[in-house]
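Below you'll find the structure, written out as structure tokens, and then a few comments.
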Amino acid sequence: MLSPSTFASRRAALADQLSGLIVLLGNAPAPMNYPANHYPFRQDGSFLYYTGLDAPGFALTLDADSGEATLYGREATMEDRVWDGDVPSVRERADSASIQSTAPPEALAEAVERARQSGREVHVLPPYRGDQKILLGSLLGVGPGDVAPSEALIDAVIAQRLIKTDEEVAEIEVAMQIAAEMHATAMRLAQPGRTEYEVAAQMEAVALAHGSFPSFPIILTTRGEVPHHHASPYVLREGDLLLHDAGATAPETRYCSDITRVSPVGGTFTDRQRAITGLVLKAQMACIEACAPGVSFREVHDLASRTIAEGLVEIGLMRGDADAIVEAGAHALFFTHGLGHAMGLDVHDMEGLGEDRVGYADEATRSTQFGTQYLRFARALRPGHVMTVEPGIYFNAALIAQWKDEGRFAELVDYDEAERWVGFGGVRLEDDVLITETGHRVLGPGIPKALDEVEAAVQAG
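Under the working numbering, read the sequence shown as residues 6 to 466, first letter to last.
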């Protein structure tokens, strides 16, 4: 649990970087199919960072010149209390974050208008929801599509949120403990006769039992060649390879975890599964070891690419020198994405503020090469960064067929051999890594990933 003074200190540090009026919108309830039937609520990460308020319908202004913060929200009516029970007052919510003033929602427009009329700059973050665009457009006197976010505010927020304090790391560790139990459950249930839906449901049940939620919709599939494939009614069979990518949120603060493992259904890796999983594990361990202050994450991604290329040459799927394979981009037939991303209050931390601003800034340039172009973070690592490290190998039938038909990298890829692997699926291994002053630390308890440990965990089910 974070103290009210933590949020006050964060706001003070933000105010020191700017002048004018800062406006931060919390998220509103999002209807699914009619107004009273909502999707599960997820608070905006930046609003949560500066207020700690995990409830819908609030906004904050921060006067960067005076330091005064005001929370805008509607008091609960008797009808609200009948249907939803007792809830804290706006003043009580403000006190929980050491916010000086409160006001009703309609006062927000008046505060913004006063700032604009007096020639003060009004700073807003990029809106990513339609209701936010409409509200900000109305506040700023422009159309919903013409809201101009403040670059100074974006950069100041990124600079703060990217470096995790010891308090934040402790909250991520709480989320890691829950994720460890979720993945242990998946391994235990990776048995013939169960459905993917059943395994995913039991993983989610673990999170809910801890007062948590999955940090993103659970990815669980025997179709591992599709990196973001969700669970289906498919009935698991002996010899299948089950990929499970899931995390949890810390119950009181909503900091995230994000972990991926693969489990052999029935408890024993086939020879092919052992070869590919072992290669991905080798690449991941090398990349984790390389994580340290001053090392660019692009360099770490390239290390994963080279390690995977070398292993695929040994297996017979690729030909030639690993450096040449990676330089050409041929390895991306099998390693189709970037190595990882920043993580914090958002599982892809601050992606709503602009992926390039968070992960590249003025330190790096995004590659145009297939695969590497999906790397979300390339800048130099610093103490306090929390990164996912998640290399993978995939056998995507459509991609293999297209590249073969186009004759791409025919001298580097054995397409006949690659086609014999279609149907294998895919493997990804992911851990959450804190960059320290002297190197790195893998967060959370040990979650089995060595092949023998995974087999033992599945067999124990």
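Built from N, CA and C at the ideal position, the CB exists for glycine as well.
Owing to the predicted nature of the structure, the values given are computational and were not obtained by experimental measurement.
For a quick check, are the C-beta atoms of residue i and residue j less than 8 Å apart?
{"i": "T82", "j": "V95", "result": "no"}
{"i": "K169", "j": "G349", "result": "yes"}
{"i": "L30", "j": "Q105", "result": "no"}
{"i": "L58", "j": "R119", "result": "no"}
{"i": "V459", "j": "R277", "result": "no"}
{"i": "I299", "j": "A385", "result": "Inspection of the sequence shows that residue 299 is occupied by Gly rather than by Ile. Yes, the Cβ-Cβ distance between G299 and A385 is below 8 Å."}
{"i": "C292", "j": "L317", "result": "no"}
{"i": "Y55", "j": "R15", "result": "yes"}
{"i": "L145", "j": "R199", "result": "no"}
{"i": "M290", "j": "D419", "result": "no"}
{"i": "S262", "j": "M192", "result": "no"}
{"i": "G244", "j": "T282", "result": "no"}
{"i": "E178", "j": "L448", "result": "yes"}
Looking only at DSSP bridge pairs, what is residue i linked to?
{"i": "L30", "result": "A64"}
{"i": "C261", "result": "T254"}
{"i": "I398", "result": "V432"}
{"i": "L246", "result": "P269"}
{"i": "N42", "result": "Y39"}
{"i": "D59", "result": "In the DSSP output, where bridge partners are listed per residue, D59 has none listed."}
{"i": "P219", "result": "A253"}
{"i": "Y77", "result": "A64, A108"}
{"i": "L404", "result": "Paired residue(s): none; L404 is not in a bridge."}
{"i": "I440", "result": "H445"}
{"i": "T393", "result": "D437"}
{"i": "A347", "result": "M392"}
Do you know how far the Cα of residue j is from the Cα of residue i?
{"i": "A403", "j": "A297", "result": "37 Å"}
{"i": "G271", "j": "E294", "result": "32 Å"}
{"i": "S8", "j": "D70", "result": "24 Å"}
{"i": "T377", "j": "T341", "result": "8 Å"}
{"i": "S237", "j": "P154", "result": "40 Å"}
{"i": "M392", "j": "V174", "result": "12 Å"}
{"i": "L417", "j": "L140", "result": "53 Å"}
{"i": "V162", "j": "G50", "result": "11 Å"}
{"i": "L434", "j": "P269", "result": "14 Å"}
{"i": "T441", "j": "S301", "result": "14 Å"}
{"i": "D328", "j": "M37", "result": "49 Å"}
{"i": "A100", "j": "H336", "result": "It should be noted that the sequence gives Asp, not Ala, for residue 100. Rounded to whole angstroms, D100 to H336 spans 54 Å at the Cα level."}
{"i": "T373", "j": "S310", "result": "16 Å"}
{"i": "R362", "j": "E395", "result": "21 Å"}
{"i": "V127", "j": "D160", "result": "15 Å"}
{"i": "S220", "j": "L67", "result": "28 Å"}
{"i": "Q196", "j": "E203", "result": "11 Å"}
{"i": "F52", "j": "T273", "result": "46 Å"}
{"i": "P5", "j": "M355", "result": "No answer is possible for residue 5: the residues shown for the chain start at 6 and end at 466."}
{"i": "L65", "j": "D367", "result": "30 Å"}
{"i": "D89", "j": "E422", "result": "60 Å"}
{"i": "G150", "j": "A461", "result": "54 Å"}
DSSP three-state call for residue i: helix, strand or coil?
{"i": "Y54", "result": "helix"}
{"i": "S143", "result": "helix"}
{"i": "Y239", "result": "coil"}
{"i": "M192", "result": "helix"}
{"i": "H336", "result": "helix"}
{"i": "T226", "result": "strand"}
{"i": "H306", "result": "helix"}
{"i": "A423", "result": "helix"}
{"i": "S101", "result": "helix"}
{"i": "V127", "result": "strand"}
{"i": "T200", "result": "strand"}
{"i": "S301", "result": "strand"}
{"i": "V352", "result": "coil"}
{"i": "V92", "result": "coil"}
Using the rule of at least 16 other Cβ atoms within 10 Å of the residue's Cβ for burial, across every protein chain shown, is residue i buried or exposed?
{"i": "A314", "result": "buried"}
{"i": "G428", "result": "exposed"}
{"i": "A41", "result": "exposed"}
{"i": "G430", "result": "buried"}
{"i": "W426", "result": "buried"}
{"i": "T370", "result": "exposed"}
{"i": "V331", "result": "buried"}
{"i": "P45", "result": "exposed"}
{"i": "T254", "result": "buried"}
{"i": "Q48", "result": "buried"}
{"i": "M6", "result": "exposed"}
{"i": "L213", "result": "exposed"}
{"i": "E319", "result": "exposed"}
{"i": "G334", "result": "buried"}
{"i": "V285", "result": "buried"}
{"i": "G124", "result": "exposed"}
{"i": "H390", "result": "buried"}
{"i": "G148", "result": "exposed"}
{"i": "V92", "result": "exposed"}
Is there at least one Cβ from chain C nearer than 8 Å to residue i's Cβ?
{"i": "R279", "result": "Included in the structure is just one protein chain, with no chain C present."}
Within 7 Å: the Cβ of residue i and any heavy atom of the ligand NAP?
{"i": "A17", "result": "Inclusion of the ligand NAP in the displayed structure is not the case, the ligand content being empty and no account of it being possible."}
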